[in-house]
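Note sheet for the following structure.
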Ligand SMILES: Nc1nc2c(c(=O)[nH]1)N[C@H]1C(S)=C(S)[C@@H](COP(=O)(O)OP(=O)(O)OC[C@H]3O[C@@H](n4cnc5c(=O)[nH]c(N)nc54)[C@H](O)[C@@H]3O)O[C@H]1N2
Ligand SMILES: Nc1nc2c(c(=O)[nH]1)N[C@H]1C(S)=C(S)[C@@H](COP(=O)(O)OP(=O)(O)OC[C@H]3O[C@@H](n4cnc5c(=O)[nH]c(N)nc54)[C@H](O)[C@@H]3O)O[C@H]1N2
Ligand SMILES: [Mo]
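In our numbering, the protein residues as written are 514 to 1290.
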């Protein structure tokens, strides 16, 4: 296969030998290799641990190896033999570490003991756990609870997450943003309005019953590779898979199953996408509008002959707003649809024809829909298409948002939300005898605004790399230093730990793959997957350091030091036995978590109820709603100026969010660097740029701030004209905080309006030396 010496022309399929080889290369860390030999067979299996990478569903029974290349990389990364000890911080000041690249920071390995920042020496210095808790508690007590933000990245377990939100609320704050605010919040806003549930309606067994799959803006081969098995099975049954993505992503094109000896021997890949439409970034509403237009036109024609294409019985009985929607669709202008989507009418009619030929369609999507100005409208438009033919609430059909972090959906389920109406506050009030705050809390964008305005005074992070993941990095880092207190609960060192408040603590915790030994013995935790199924997870590896505490123990430690004693809540008992936390969750959320401890022990876990799956619509109208999009253009770039390009910030196959595993995006042929701009050849010619030329990107925004970055090399790429791609998080300084999705406030990371120019020689040399790691001007 095509992985020759020139990595730039990588033409091989996802999976297969390439992925096995990439794993072996990953394994230079002997400790991680020997640990992983024992652990990988337990990954995503009953009695094992749930992968710390993506949230894709776990089949029952599992495959012999229920992990993928990237899941294995995540396991390696957690089980690394490398350690960050106190000597490391003695050697390096925090200012020095700020010059390090993301890769280099995390590559130092696991954090080993609690540290506090010492401004006098500009170093992290060791601190006792008890001392850290007391200091944090004392400071939190002195602050207005509404000025404190409690962030969660989507990895912590249901048990930790429940304790964390309860702590914040007992303290007096609903400021509980999580990574979902940068991710699928557009889903959490869109789906309740459309179909009455905040999550997808598809379960794993729907894949076997489906006869058509539509994929919008999700890069399965990199970000949820285990789903390739379901897709491959579908393709082998002849099920069409229709993909909409500006980039031709390798994993959406072809897949060799490493678990199929025949495929591995013959190297004969399965073609994943039967149709591939390279939609323009931000052009999905237009593309979906075109498809709906073709479907409604076909129905009009068929109706004349007494036949229907629409599921009229479903529309009649189960939906609201069809007539207004149909009027808008009939009115839509093909020329505008073609211009906004970047796709020909014939291509959209072809996609629509496939849609109409299928009886049970699954609609899958990811960040390509959610991270836009009209991210919510994107999702609702996708649902509109599905509703036309009754593709919600039927076996083999439904809407399938692919969640990111391994428990991001679950964190929302157990109360990590800034929206009080999403949380059973009355129930918790009764359970724990307190008056929970009722005022809406801050989401991610609002927390950033509060930090800039000086209204937010303290930040507690349960995992993640907030400063690096948010937009407007330079503004935010500066504002961050004005915070009175920053507390980071983490496994590995990252940039957010180096941008410190006046008082700062770095609290290292156990990872999910490690044994969590408490008063009553080894503990189990639980997570919710993308399809709403809960699974138990048991870590078995010896902890990375004897000084680590579990996440529940750290949350409880801070809570006890901050809150007055509560006769109805024994934090120590909870830390001693997580089953008691699950009992409390079951009391707060009986319909989802009744009998939690018994059901989580079942090999198959248990699904949460999903009304839309049963065609019960808990929306305001009591029906599934057709919702009209605000515009055909989902992007902030509405200028029509050909010099404004839409920047898509991308994940590589060699990273998990801000955790960079390496510099090998072999699917896209970008090796040895991440500082590239992927550009259409026509745009290169028009802008007078040649391959590997150094360029500067500057954001187009309606404020006075200059957002400019250099240090990127141009790479010709198969991407629609007017769109360019570059990696996240390197480009986050270019994204204006104010450019976020309406209502959901998800930063619009998938079509940042930028101008690209050749970097002047003098600037190029200066940036190359000054910014080995960060490359921002
Ligand atoms: N290995 C690995 N796995 C991961 C992660 C990781 O970083 N690494 N991250 C995890 C997390 S938190 C998340 S949220 C998910 C993210 O997984 P995805 O949802 O796949 O997110 P991205 O890779 O950011 O982008 C998805 C795709 O959207 C396409 N796209 C960009 N703009 C548009 C557009 O306007 N329209 C359409 N139709 N497509 C567009 C891009 O080309 C890209 O292929 O993955 C999770 N899993
Ligand atoms: N430009 C741009 N920006 C984006 C995106 C994009 O596509 N483009 N995507 C957005 C999305 S979808 C997301 S989800 C966010 C991600 O934002 P975050 O979730 O905040 O970031 P991560 O990179 O996932 O966090 C990595 C850190 O988590 C810590 N960690 C790892 N495991 C554990 C654990 O078990 N416990 C604890 N306590 N800590 C742990 C480690 O210290 C590691 O350094 O970024 C968003 N930002
Ligand atoms: Mo995410």
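Positions of the beta carbon are idealized from the N, C-alpha and C atoms, including for glycine.
In the structure shown, the three-state DSSP call for residue 915 is coil.
One thing to note: residue 1003 has its Cβ no nearer than 8 Å to the Cβ of residue 629. For the pair residue 828 and residue 811, the CB atoms are not nearer than the 8 Å cut-off.
Looking at the backbone, the Cα of residue 689 and that of residue 910 are separated by about 33 Å. Its chain contains no residue whose beta carbon lies nearer than 6 Å to that of residue 952 once the 5 sequence neighbours on both sides are disregarded.
Judged by the Cβ position, residue 918 qualifies as a neighbour of ligand 3 at the 7 Å threshold, a heavy atom of the ligand being closer than this. Taking the Cβ of residue 566 as the reference point, at least one heavy atom of ligand 1 falls within a distance shorter than 7 Å.
Scanning 679, 626, 1066 for the CA closest to the CA of residue 938 turns up 679.
As the crow flies, the alpha-carbon of residue 1109 is around 20 Å from that of residue 1031. Of all alpha-carbon atoms in 595, 587, 549, 1141, the one lying nearest the alpha-carbon of residue 887 is that of 1141. Within the stretch 761-849, the complete alpha helix (DSSP H) segments of 4 residues or longer fall at 763-766, 774-779, 797-817, 825-831, 835-844, listed in chain order.
By alpha-carbon distance to residue 947, the top candidate from 1054, 1077, 900 is 1077.
The beta-bridge partner set that DSSP reports for residue 1048 consists of 1040. In the structure shown, the three-state DSSP call for residue 605 is coil. For residue 880, the secondary structure class from DSSP, reduced to helix, strand or coil, is helix. Look at residue 692: its beta carbon is less than 7 Å from one of the heavy atoms in ligand 3. Per DSSP, residue 1224 is not a residue of any alpha helix (DSSP H); the beta strand (DSSP E) it occupies stretches across 1221-1229.
The alpha-carbon separation between residue 846 and residue 805 amounts to approximately 12 Å. Looking at the DSSP output, residue 1004 shares a beta bridge with no other residue. Within the stretch 695-723, the complete alpha helix (DSSP H) runs of at least 4 residues fall at 698-708, 717-722.
Each residue's CA atom was taken as its position, placing residue 624 and residue 1244 some 27 Å apart. At a Cβ-Cβ threshold of 8 Å, residue 997 and residue 1028 do not count as neighbours.
With the rule of 3 Cβ pairs closer than 8 Å, the stretch 1140-1159 counts as touching the stretch 792-800.
Take the alpha-carbon of residue 1162 and the one of residue 1267: they are about 12 Å apart. Straight across, the Cα-Cα distance linking residue 794 with residue 545 is about 39 Å.
Here residue 632 is exposed, its C-beta having fewer than 16 other C-beta atoms within 10 Å.
Assignment of residue 1128 by DSSP, reduced to helix, strand and coil, places it in the coil class. A distance of 8 Å or more separates the beta carbons of residue 764 and residue 782.
An exposed status is given to residue 550, since fewer than 16 other beta-carbon atoms sit within 10 Å of its beta-carbon. Here residue 830 is exposed, its C-beta having fewer than 16 other C-beta atoms within 10 Å. DSSP lists no bridge partner for residue 651. Under the criterion of beta carbons closer than 8 Å, residue 1226 and residue 1205 qualify as touching, at roughly 5 Å. DSSP places residue 631 inside the beta strand (DSSP E), whose first and last residues are 628-631. Less than 8 Å separates the beta-carbon of residue 642 from that of residue 1062. For residue 1169, the shortest C-beta to heavy atom distance toward ligand 2 is below 7 Å. Secondary structure of residue 1176 (DSSP, three-state): coil.
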